[in-house]
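The opening residue of the sequence shown carries number 1 in the UniProt record's numbering; numbering runs sequentially from there. Positions of the beta carbon are idealized from the N, C-alpha and C atoms, including for glycine. Step one of this worksheet: look at the structure below.
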Amino acid sequence: MGRDTYAYRDVAVQSCILDNEVKICPVPGQAYSPALIAHCSKAMSDLAQYPLGTYFLVSAKLTDRMGGLPYLYVYHGDPVKVLSAEQAAKFLAEFKRGRI
């Protein structure tokens, strides 16, 4: 069975430090709280590949496992798309215009 593509939406995320670990979290100004953690490819939090604060554009869905804490799920097989700071700002501006 394939994944339900309608449950996923584009989300700008960035690497940050939470609890002394590198985590991937949503960029402020979107539908998701920056306190959420994105479960995604470990390569995205590898500081040897991507410096801290790197912006990414991912396709994610909000979920929880068996009633636990909510988190963003990013399919590990999706390609990693790195955004520059300008591209991230443009994405957020388009998101704000598209809100109801």
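- Looking at the DSSP output, I37 sits in no beta bridge, so it has no partner there.
- Per DSSP, the beta bridge partners of V58 are V11.
- The beta carbon of Y32 lies closer than 6 angstroms to those of P26 in the same chain, with the five residues before and after it left out.
- DSSP places L92 in the helix class (H, G or I) of the three-state scheme.
- Cβ neighbours of V11 within its own chain (closer than 7 angstroms, five residues either side excluded): P26, Q30, Y32, V58, A60, L72.
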